[in-house]
Every structure is written in C-alpha cells, then in structure tokens.
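Everything on this sheet refers to the single structure shown next.
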Amino acid sequence: MSDSTPFEMRLVHLDLKGAPPKVSYLSKVFPLFRALGANGLLIEYEDMFPYEGPLRLLRARYCYSPSEVKEILRLASLNQLEVVPLVQTFGHMEVYYLGEGEASRQWLQQEQNSKAKLCLSHMRAVASHVLAQHPHVTPLAWDDMLRDMPEDQLTASGVPQLVEPVLWDYAADLDVHGKVLLMQKYRECGFRRLWAASAFKGATGPSQALTPVEHHLRNHERWLQVAASGPVDSLQGIVLTGWQRHDHFSVLCELLPVGVPSLAACLQLLLHGGFTEDVKLRVENLLGVSSLETTDPVGERAGSFPGSDILSLVAHFSLHLRSSVDALLERNRYVTGWFSSYHRSRKLIHPVMVQHIRPEALSLLARWSALLQQLEAALQLAFYPDAVEEWLEENVHPSMRRLQGLLQDLSEAAAPRPPPSDPGWDASQDP
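In full-length UniProt numbering, the protein residues as written are 1 to 431.
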C-alpha cells in the first residue's frame with residue numbers, strides 16, 4: 001500500500017438512516033473496504049441501533065439486534081477497520097434546536113450572550129461528559145457552527161482542548177485556499193488535530209440513483225491539495241462520507257453497492273496521490289469492472305465485487321425504464337395518434353390500432369417485469385424489506401404502473417360493447 005497519502009486514517013462512512021445493509025452484506029464488503037485502502041469506519045447507527053428503555057421507541061422496524069451490532073464490530077476488527085460511532089446530536093436529530101427553549105431564549109436576550117456562545121457551552125458540556133465517562137475517547141465534531149465563530153471566542157471557550165473538528169466539503173470545486181485558511185484559524189485557536197470529510201456518494205442530490213464518479217474524484221483531488229498546502233501534519237485523517245438520505249424525511253439517494261466503484265476510486269486516489277491511468281486500471285481490476293463510468297453494465301462486465309449485480313440492475317433501470325415507457329406513451333405514433341389521453345378516458349380505439357399497440361406494450365412489460373424480479377431478488381439479499389419497497393416505489397413502480405395502465409385502458413377500449421340504442425326507436429312498437 002502506498003505511503004504517499006497525507007491521510008493516516010481513512011474512514012468509510014456508513015449512513016444507516018436509510019437502506020441499512022444486512023450484516024451478511026457487510027461481512028462481504030468490509031474485506032473489500034480494507035483491500036481498497038480504508039482502515040476505519042464511521043458508523044452512523046441512527047435508528048438501526050437496538051436502543052432499550054425510554055429510547056426503545058427510536059428503534060427502526062428492522063433494527064440490528066445487540067448480537068448483530070457485536071458481529072458488525074467483530075467483522076470490522078477482523079478486517080482491521082477501526083470503528084468510530086457517529087451520533088448526530090445537533091443538526092440532524094429533527095427535534096427543536098438548541099436555543100429554542102424558553103430558558104435559552106431568555107439567556108440569549110442578555111447583551112453579552114450569543115448563539116455561538118450557547119453552542120460552545122453546550123459542546124463543552126457534552127464533550128466534557130463524554131471524556132469523564134470515557135477518558136480514552138476523543139470526540140470529533142463536524143465544524144458547521146465553528147467555521148464562522150470569532151477566534152477569540154473559540155479560544156476562550158475551552159472547546160479546542162476537548163474536541164477535534166471535522167472540516168467537511170463535498171463539492172467538486174472545493175475552495176482549497178479557503179480550507180487552508182480555516183485550518184490555520186483552527187490551529188491558532190488551539191485545536192491540535194483536525195479531520196477532513198469528503199464524499200464518495202450521497203452528496204449530489206437527494207434523489208440521485210447513480211453515483212457520478214468524476215464529481216467525487218475531483219472532490220478528493222481538492223482535499224489532497226488542501227492537505228499539501230495546509231499546516232504540516234494537521235489532518236489526522238479523512239472521512240469518506242456516503243450519505244443515504246439528506247435527512248429522515250428525504251428519499252433514498254444512491255444505495256451502498258451503487259457507490260462502491262466511486263468509493264474504490266476515491267480511496268485509491270488518496271492512497272496513491274492521484275488518479276492516473278495505472279490507478280484507474282488497478283481499481284477496475286479490484287472490482288472486476290470494465291469501466292468505472294455507469295453507462296449500461298447489463299450484459300457487459302458488470303463486476304465481481306459484493307453487490308455488483310445490484311449496481312448493474314439499478315443502472316439499467318435508472319437509464320432505460322422511464323425513457324422506454326416515455327417512448328411508447330409519448331412518441332409512439334399509434335399511441336399518440338389513435339390512443340391519446342382523450343381516447344383513453346373515453347375508452348375509444350379503432351380495432352386495427354389495438355394490434356399496432358398491444359404487442360409492443362406487452363413485450364415491454366414482460367421485459368421489465370423479468371428484470372424487476374432479478375432486481376428484487378438482488379436487493380433482498382443486501383437490504384431489509386422496507387428499504388427494498390421504498391427504493392422500488394420511488395424508482396420503478398411509477399413507470400411500471402404507467403405501462404400497466406396503458407394496457408388496462410387498451411383492454412377496456414377493445415372490449416366488445418353493445419351498440420348504442422337509437423333514441424328515436426321504441427322497442428315496444430312492431431316494425
């Protein structure tokens with residue numbers, strides 16, 4: 001493994017608040033993480049933790065059991081992956097925020113007080129409690145609130161002696177100079193050690209289904225530049241985040257298996273100091289893929305890594321399902337010309353046109369239904385039923401329902417109907 005990386009620790013983030021992988025899948029993918037260059041995990045347990053007592057109501061329906069959590073930790077240790085648990089205490093708990101209570105509001109009305117001061121006092125209290133209970137643990141803190149605080153306030157707070165800030169930025173055009181200045185500011189305030197946080201997936205859109213590898217490679221290239229330009233030996237490591245939801249109310253973004261090629265490329269880039277053709281070839285060989293770009297791997301060399309079948313099928317559905325249904329419903333001349341929404345609502349169609357539309361629609365439905373069975377089977381091996389249901393409902397079922405709706409309307413329109421009665425004809429009269 002290369003010694004050229006400035007990041008001694010390389011933590012892979014597991015965001016479990018959406019589509020948490022089964023332990024059986026983690027057992028397959030942890031060795032790959034290690035082989036790619038990771039040496040730690042940042043596990044955001046969220047509602048997958050088996051809380052007890054008053055916190056039991058926080059459990060997800062399919063939360064890990066205590067024995068499964070122990071197994072995850074055992075598997076991590078087996079693969080030499082240090083585990084850092086992540087608890088989102090400030091920005092992501094979706095309860096009312098610090099400062100919104102009556103006592104805090106009154107405190108903030110006093111001239112010498114501010115939101116920054118309130119935040120720092122709470123950080124100091126939480127970090128002090130953690131250190132009192134676990135003296136050998138080092139709290140890390142995302143630096144959202146710290147960035148814009150005055151240096152003298154940060155220095156006087158005592159927080160720099162208690163926590164290590166995580167400077168996060170997931171942009172492809174990350175401001176290198178700005179990050180270097182921020183690192184210098186933190187060092188001058190008394191923070192001895194700093195961390196970086198990049199992203200290998202989940203940072204380019206709340207409903208992103210496929211991971212744009214190039215975006216994440218550029219993000220990591222910028223972080224290498226930050227490490228090279230900032231204070232020497234300041235950065236202890238980097239967290240490669242892989243967000244699964246932007247918050248508890250948003251939809252799922254890229255599933256973990258879909259993001260594996262991006263993770264592989266980014267880890268290898270960090271290890272080797274760049275993403276040369278040799279490094280790219282090494283990544284492709286490690287994953288068993290013919291290309292890192294998500295074009296359409298179905299039928300090609302889809303990969304040999306855990307979950308490569310999921311990536312292959314997800315890519316095929318994402319790239320072709322909606323477009324193929326749109327082509328039939330919106331661009332097929334027989335559908336748009338003889339079975340438009342006007343015709344469908346009135347169940348009207350020329351009998352000859354049924355033969356121009358139905359075979360193609362049935363063929364399309366059969367093809368996607370067969371692929372859907374494969375996708376469901378693959379997803380069920382890696383994820384719990386609620387995650388499978390949610391992903392399919394968001395990404396597959398709407399287009400399938402449109403196709404099924406067309407065929408249903410076609411059947412009803414083509415069904416024989418009695419001729420309309422002549423309004424001037426009285427059936428009781430003899431001819």
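Every residue gets a Cβ at the ideal spot worked out from N, C-alpha and C, and that includes glycine. Keep in mind that this is a model prediction, so the values were computed, not measured.
Closest Cα partner of Cys63 within the set Pro21, Gly190, Arg322, Pro418: Of the listed residues, the one whose Cα sits closest to Cys63 is Pro21.
Nearest to Arg417 (by Cα), restricted to the options His356, Leu365, Ile349, Leu379: For the residues His356, Leu365, Ile349, Leu379, the minimum Cα distance to Arg417 belongs to Ile349.
Cβ neighbour criterion (16 or more within 10 Å) applied to Glu412: Exposed: under 16 other Cβ atoms inside 10 Å.
Rounded straight-line distance, which links the Cα of Leu372 to that of Arg355: One point to set straight first is that residue 355 is Gln, not Arg, in the sequence displayed. So the two alpha carbons sit approximately 26 Å from each other.
Ser290 versus Leu281: straight-line alpha-carbon distance, rounded: In this structure, the alpha-carbon of Ser290 lies about 9 Å from that of Leu281.
Assigned secondary structure, Arg10 (DSSP; H/G/I helix, E/B strand, else coil): Three-state DSSP puts Arg10 in a strand.
Element boundaries [alpha helix (DSSP H), containing Pro231]: Pro231 -> no alpha helix (DSSP H), and no H or E assigned at all.
Presumed contact (8 Å Cβ cut-off) between Phe275 and Leu32, rounded CB distance: Rounded to the nearest angstrom, the Cβ distance from Phe275 to Leu32 is 19 Å, too far for a contact under 8 Å.
Residues bridged to Ser198 (per DSSP): The partner list for Ser198 (beta bridge, DSSP) reads Leu240.
Gly40 in three-state terms, based on DSSP: The answer is strand: DSSP assigns Gly40 an E or B state.
Leu140 beta carbon less than 7 Å from that of Val166: Yes; because the gap between Cβ atoms is below 7 Å, this pair is in contact.
Buried versus exposed call for Asn395 [16 or more other C-beta atoms within 10 Å across all chains shown]: Burial call: buried.
Segment contact flag, the region 124-132 with the region 145-153, C-beta cutoff 8 Å, min 3 pairs: They do not touch, by the three-pair rule.
Burial state of Asn285 (16 or more Cβ within 10 Å): Label assigned to Asn285: exposed.
Supposed contact pair Leu381 and Trp391 - C-beta distance, whole angstroms, cut 8 Å: No, Trp391 and Leu381 are not in contact; Cβ-Cβ is about 14 Å, not under 8 Å.
Within 7 Å, strictly: CB atoms of Gln244 and Ala35: Gln244 places its beta carbon 7 Å or farther from that of Ala35.
Option nearest Pro85 by Cα separation, candidates Tyr25, Ile43, Leu263: Ranking the options by Cα distance to Pro85, first place goes to Ile43.
Close-in-space but distant-in-sequence residues of the same chain around Glu8 (CB under 8 Å, 5 per side omitted): Excluding positions up to five away in sequence, the list reads Gln236, Gly237.
Whole-angstrom C-beta distance between Phe49 and Leu81, which should lie under 8 Å: Actually they are not in contact, since the Cβ atoms of Leu81 and Phe49 sit about 18 Å apart, beyond 8 Å.
Spatial neighbours of Arg61 in its chain, beta-carbon cut-off 7 Å, leaving aside the 5 residues before and after: So the list reads Asp386, once near-sequence residues are dropped.
Whole-angstrom distance between Arg56 and Ser369, CA atom to CA atom: CA-CA distance, Ser369 to Arg56, rounds to 39 Å.
DSSP beta-bridge partners of Trp168: Trp168 is bridged to Ala197.
Assigned exposure category for Lys70 - 16 Cβ within 10 Å defines buried: It is exposed - the Cβ of Lys70 has fewer than 16 other Cβ atoms within 10 Å.
Assigned exposure category for Phe249 - 16 Cβ within 10 Å defines buried: So Phe249 ends up on the exposed side.
C-alpha distance - Gln110 paired with Trp142, whole-angstrom precision: When rounded, the distance between both Cα atoms is 28 Å.
Assigned secondary structure, Phe383 (DSSP; H/G/I helix, E/B strand, else coil): The three-state reading of DSSP puts Phe383 in strand, counting E and B together.
For Ala60, three-class secondary structure by DSSP: Ala60: coil per DSSP, three-state reduction.
Touch test, the region 302-318 against the region 258-276, Cβ-Cβ under 8 Å, three pairs minimum: Taking 8 Å as the limit for Cβ pairs, the verdict is that the region 258-276 does touch the region 302-318.
Span separating the alpha-carbon of Glu254 from that of Gln374: So the alpha carbons of these two residues sit roughly 19 Å apart.
Alpha helix (DSSP H) segment containing Pro261, residue limits: Note, Pro261: alpha helix (DSSP H), 256-272.
Endpoints, the alpha helix (DSSP H) within which Val283 is located: Start and end: 277-287.
Backbone secondary structure at Leu98 - three-state DSSP: In the structure shown, Leu98 sits in coil (DSSP, three-state: anything other than H, G, I, E or B).
Under the three-state DSSP convention, the category Ala127 falls into: In the three-state reduction of the DSSP assignment, Ala127 falls in the helix class.
Those residues which DSSP pairs with Val83 across a bridge: Beta-bridge annotation (DSSP): Val83 is paired with Leu41.
Beta-carbon proximity of Leu224 to Ser198, cut-off 7 Å: Not in contact: Leu224 and Ser198 (Cβ atoms no closer than 7 Å).
Residues near Pro66 in its chain [Cβ-Cβ closer than 6 Å; skip 5 each side]: Result list for Pro66: Pro50, in chain order.
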